[in-house]
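This report refers to the structure that appears directly beneath it.
In structure tokens form, the structure reads like this:
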């Protein structure tokens, strides 16, 4: 790798358990399924690795079943975060792991933890925008986050996180870029249908508008009993020019590895000068509630 490059990996995976099983068993099976891919990533020299949205669970939001509250964990003291810390330290790898979080009885968030390459817990991002439409009853399960667009200085790069539905809102991409993110990860659970054409439209546009690398991750397969559609994978990296540089398959479990040249941010921003030409003094209406 060149001096400015960071080897980065994404894991897209289908569900490896029956949704009727106890939530702890589902968690353990999904963790177990990730382990060979994490090890393969380490063998390939991956420095930063990210998983899909709520990676230890099915995407349970087509239901409105309180049973899934049992799957939420405390952060950072919960089982999954501690396991990820062990793996990050073992492989000297930064890991971004989306976890269903409980903060107190009855309060839950859709969260991603960021673990540095020495296993230390750097912090978390909570999904900001929560959909509430048929098949995606997320407000039943998640409280909207207000994380103030954190950017984490990891051993290898400055990273930000946006989660799934967040990607439809350009303001967060801009806030993360302004806060110094070099790579923004968007772990998702999205199915074929209405929004699939946006999958390869919004994130490249956001990468170009903000001069950052974006890593988009989506799970694969169908999940009974809900069967709301096929999670179509197609995870990819898009560079600061808005070009998709490498993409995973549409329907298979896969580790996608790519070397990201962080110097392209300087190159793209010097060419386009979008940050110079911004007019935040005129944008006050954008922060006003209706």
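In the UniProt record's numbering, the protein residues as written are 1 to 290. Each residue gets a CB set at the ideal place from its N, CA and C atoms; glycine is no exception. Fair warning: this is a prediction, and the values are worked out from it, not measured in the lab.
Look at the alpha carbon of residue 241 and the alpha carbon of residue 146, and state the distance between them as a whole number of angstroms. 29 Å
Among residues of its own chain, excluding the 5 on either side of residue 283, which ones have a beta-carbon nearer than 7 Å to its beta-carbon? none
Distance between residue 197 and residue 178 (C-alpha atoms, nearest Å): 27 Å
Which residues mark the beginning and the end of the beta strand (DSSP E) in which residue 258 is found? 254-261
May I ask you to verify whether the segment 147-166 touches the segment 221-232, counting CB pairs closer than 8 Å and requiring at least 3? no
Checking 7 Å against the spacing of the C-beta atoms, do residue 11 and residue 260 come in under that value? no
Among 207, 116, 43, whose alpha-carbon lies nearest the alpha-carbon of residue 186? 207
For residue 8, name the three-state secondary structure that DSSP assigns. strand
Should residue 156 and residue 75 be called a contact, given that it needs their Cβ atoms to be closer than 7 Å? no
Taking DSSP as the reference, what is the three-state secondary structure of residue 223? coil
Under DSSP, the beta strand (DSSP E) around residue 104 begins and ends at which residues? 94-104
If residue 61 sits next to residue 137, beta carbons under 8 Å apart, how far is it from one beta carbon to the other, in whole angstroms? 5 Å
Cα separation between residue 55 and residue 29? 11 Å
Whether residue 269 touches residue 211 by CB criterion (7 Å): yes
Residue 245 to residue 105, Cα distance in whole Å? 43 Å
When you compare only the Cα positions, how much space is there between residue 170 and residue 190? 18 Å
Bridge-paired residues (DSSP) for residue 49: 9, 95
Those runs of the alpha helix (DSSP H) which lie wholly inside the segment 18-74 and span at least 4 residues: 23-43
Tell me the residue span of the beta strand (DSSP E) that contains residue 188. 183-188
Determine contact between the segment 87-99 and the segment 128-137, defined as no fewer than three beta-carbon pairs at a distance below 8 Å. no
For the beta strand (DSSP E) that contains residue 247, what are its first and last residues? 244-247
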